[in-house]
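What follows is a set of notes on a single structure, which appears directly below.
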């Protein structure tokens, strides 16, 4: 009971901290982009399956309560649930103490507690059902006397299918589980429920296939380009970036713990390993593939460190088993000190991140040139857009009064970023259209959003906004689409008294042809 009470306090305190941080910083590039999934639900989207958008719709009350906090409420709630869920996994393997240990490790991971615990990403739903899959797998591998085994096997298929409908990489859980069955528990391969479970996963994922059939398998083509290998040869800097990124995202102290426990189990902890051979084997089969795949791809392509994040859940569970079983009276103070350190590390990183975003004097690791001011400064994704939206609203009001623009004059965008920020923080409060005109590989979901908006008609005017950290001159891409393109205003964003970004606002006069709904056809031409 003592450990259950501690678990509740851990979940409550960590949830409050996440809520505070969610309010303090604006939405990032990816987060405002995933708002488009909620704005226009579909069976699949250009980049990912649809459940991220549904999660946003649920926690924003079908988009009727829409702000930075409500957008992030889903990740916060599911992070709390996941902390409880990983504890339940350990509770059914061992005891309440190991459950609390696993919950601490989960909370101390930057990836699970912050990146997918605060920010609205496809990983959010995937992680919940990835953990659910592990839970039912661990239940199903118990002795054959298990009367609920077939139901547990069916639940695995359900969880993997739902996880895949948020981020398709969850499908790697099936090869991992089947490999476990083949090598460590082949009798499971005789269970009819196993194959019915695979069928359930395929049925749940079928909307992705059906949607892609309609759009010439555009998602496959996009992601195959992202992971295509060999044409550029080995890229050591990408590997180093992904390798170090994975270590940082999963908390360097925790990664050191995972490695230490692996060495301990191999050298001195054979008794623990033998007692939990099935559980540890299953966790390795399910966790290692996504980590190894992402790391291998990074030898040739740029890989984002969070791609492999779900795979580290296995190491959290293994670590909790090993720590609990190896715990002695003498080692308790050391373990307590270790857990304080890993939790403090993540909390300090969160505080430093907010301080840098709000108060860093100047640009953070970025170019200091007018048309590229702030380029590569990732902190600019999460500050300044709300204030800019208010300044743009004042400028637009003046344009309307002077009859330069109409109430429904659209903002033209050519790429999904900064289009997401422009849509969420600028166009949405003013209820004006955002029209995408460009290549499908640049516009992504914005090509589909055009079907929700009226076209820009011949001789109508529009806006174009070019932030200096992702600057593009509209004359270079739209000179044939409008008769005149004119820079009318430059706005500055300051931090601690220093200019860190500029917004260049253009008027695009007199469209030469209708602009809007045909952009979705670009990828077939």
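Residue numbers (our numbering): 892 to 1416. For every residue, glycine included, the Cβ atom is placed at its ideal position computed from N, Cα and C.
Segment contact flag, the segment 965-985 with the segment 1210-1220, C-beta cutoff 8 angstroms, min 3 pairs: yes
Residue 996 versus residue 1270 - alpha carbon distance: Position 105 of the chain shown, counted from the first residue, corresponds to residue 996. Position 379 of the chain shown, counted from the first residue, corresponds to residue 1270. Cα-Cα distance, rounded: 27 angstroms.
Cross-strand partners of residue 1398 (DSSP beta bridge): Here residue 1398 is taken as the residue at index 507 of the chain shown, counted from 1. DSSP, once it has assigned bridges, lists 1354, 1377 as partnering residue 1398.
Touch test, the segment 1168-1176 against the segment 1034-1049, Cβ-Cβ under 8 angstroms, three pairs minimum: no
4-residue-minimum alpha helix (DSSP H) runs that sit fully inside the segment 986-1055, ordered along the chain: 987-999, 1014-1031, 1040-1055
Segment contact flag, the segment 1028-1040 with the segment 1003-1018, C-beta cutoff 8 angstroms, min 3 pairs: Not touching, per the Cβ criterion.
For residue 1131, the first and last residue of its enclosing alpha helix (DSSP H): Sequence index remark: in the chain shown, residue 1131 carries index 240 (1-based). It spans 1127-1140 - the alpha helix (DSSP H) in which residue 1131 sits, taken as one unbroken run.
Selection from 1406, 1388, 1351 that minimises the alpha carbon distance to residue 1398: By one-based count along the chain shown, residue 1398 stands at place 507. Nearest of 1406, 1388, 1351 to residue 1398, Cα basis: 1351.
Cut-off 6 angstroms between Cβ atoms - residues of its own chain near residue 908, not counting five sequence neighbours on either side: Position 17 of the chain shown holds residue 908. None.
Proximity of residue 1356 and residue 1317 at Cβ, strictly below 9 angstroms: Here residue 1356 corresponds to residue number 465 of the chain shown, with the count starting at 1. Here residue 1317 corresponds to residue number 426 of the chain shown, with the count starting at 1. For residue 1356 and residue 1317, yes; Cβs fall inside 9 angstroms.
Local Cβ density within 10 Å of residue 1147, reported as buried at 16 or more and exposed below that: Taking the chain shown and counting its residues from 1, the one referred to as residue 1147 is at position 256. Exposed, since its Cβ has fewer than 16 Cβ neighbours within 10 Å.
Beta-carbon gap between residue 1460 and residue 938 smaller than 9 angstroms: The structure shown does not extend to residue 1460, since the chain spans only 892 to 1416, so no value can be given for it.
Contact set for residue 1344: own chain, Cβ-Cβ below 8 angstroms, skip 5 residues either direction: Indexing the chain shown from 1 puts residue 1344 at position 453. So the list reads 1301, 1324, 1325, 1326, 1407, once near-sequence residues are dropped.
Reduced DSSP secondary structure (H/G/I, E/B, other) of residue 1323: Residue mapping note: residue 1323 aligns to position 432 of the chain shown, counting from 1. Residue 1323 falls in the coil class under three-state DSSP.
Within the segment 934-987, ranges of the alpha helix (DSSP H) (whole runs, at least 4 residues): 942-950, 959-984
For residue 1384, the residue or residues it bridges with in DSSP: Residue mapping note: residue 1384 aligns to position 493 of the chain shown, counting from 1. Bridge partners of residue 1384: 1392.
Residue closest to residue 977, alpha-carbon to alpha-carbon, out of 1376, 1281, 1029, 1244: The sequence position of residue 977 within the chain shown is 86, counting from 1. Nearest of 1376, 1281, 1029, 1244 to residue 977, Cα basis: 1029.
Start and end residues, beta strand (DSSP E) containing residue 1302: Counted from its first residue, the chain shown places residue 1302 at position 411. Start and end: 1301-1304.
Residue nearest to residue 1059 in terms of C-alpha spacing, selected from 1078, 1087, 1100: Along the chain shown, one-based indexing puts residue 1059 at 168. It is 1100.
Closer than 9 angstroms to chain C by CB, residue 1097: Looking for chain C here will not work: only one protein chain is present.
For residue 1406, the residue or residues it bridges with in DSSP: Translated into positions along the chain shown, residue 1406 becomes position 515. For residue 1406, which the question treats as bridged, DSSP gives the partners 1347.
Beta carbon of residue 1396 nearer than 9 angstroms to that of residue 1314: Counting from one through the chain shown, the residue named residue 1396 turns up at place 505. Counting from one through the chain shown, the residue named residue 1314 turns up at place 423. No, the Cβ-Cβ distance between residue 1396 and residue 1314 is not below 9 angstroms.
Endpoints, the alpha helix (DSSP H) within which residue 1287 is located: In the chain shown, the residue the question calls residue 1287 occupies position 396. Looking at the DSSP string, the run of the alpha helix (DSSP H) that includes residue 1287 is 1276-1292.
Alpha-carbon to alpha-carbon, residue 920 and residue 1075: The residue you call residue 1075 lines up with position 184 of the chain shown. The residue you call residue 920 lines up with position 29 of the chain shown. Rounded to whole angstroms, residue 1075 to residue 920 spans 44 angstroms at the Cα level.
Minimum C-alpha distance to residue 1360 - residue among 1342, 1383, 1373, 1346: The residue given as residue 1360 occupies position 469 in the chain shown. It is 1383 whose Cα lies nearest to the Cα of residue 1360.
Cβ pair count under 8 angstroms reaching 3, the segment 1089-1106 against the segment 932-952: yes
Through-space distance from residue 1089 to residue 1073, alpha-carbon basis: Counting from one through the chain shown, the residue named residue 1073 turns up at place 182. Counting from one through the chain shown, the residue named residue 1089 turns up at place 198. Looking at the two C-alpha atoms, the distance is approximately 15 angstroms.
Member of 1106, 1065, 1097, 999 whose CA lies at the smallest distance from the CA of residue 1086: Here residue 1086 refers to the residue found at position 195 when the chain shown is read from its first residue. Checked all of 1106, 1065, 1097, 999; the closest Cα to residue 1086 is 1065.
Buried versus exposed, by CB contacts within 10 Å (16 or more), residue 1130: What you label residue 1130 is simply residue 239 of the chain shown in a count that begins at 1. Counting Cβ neighbours within 10 Å, residue 1130 comes out buried, since at least 16 surround it.
Buried/exposed call for residue 1107, threshold 16 Cβ in 10 Å: Taking the first residue of the chain shown as 1, we reach residue 1107 at position 216. Exposed: under 16 other Cβ atoms inside 10 Å.
Inter-stretch contact (C-beta, 8 angstroms, three-pair minimum) for the segment 1016-1030 and the segment 898-907: no
Whole-angstrom distance between residue 1196 and residue 1377, CA atom to CA atom: Residue 1377 sits at position 486 when you count from the first residue of the chain shown. Residue 1196 sits at position 305 when you count from the first residue of the chain shown. Using only the alpha carbons, I get a separation of about 41 angstroms.
Range covered by the alpha helix (DSSP H) that runs through residue 892: Stepping through the chain shown from its first residue, residue 892 is reached at position 1. Note, residue 892: premise wrong, no alpha helix (DSSP H); not H, not E.
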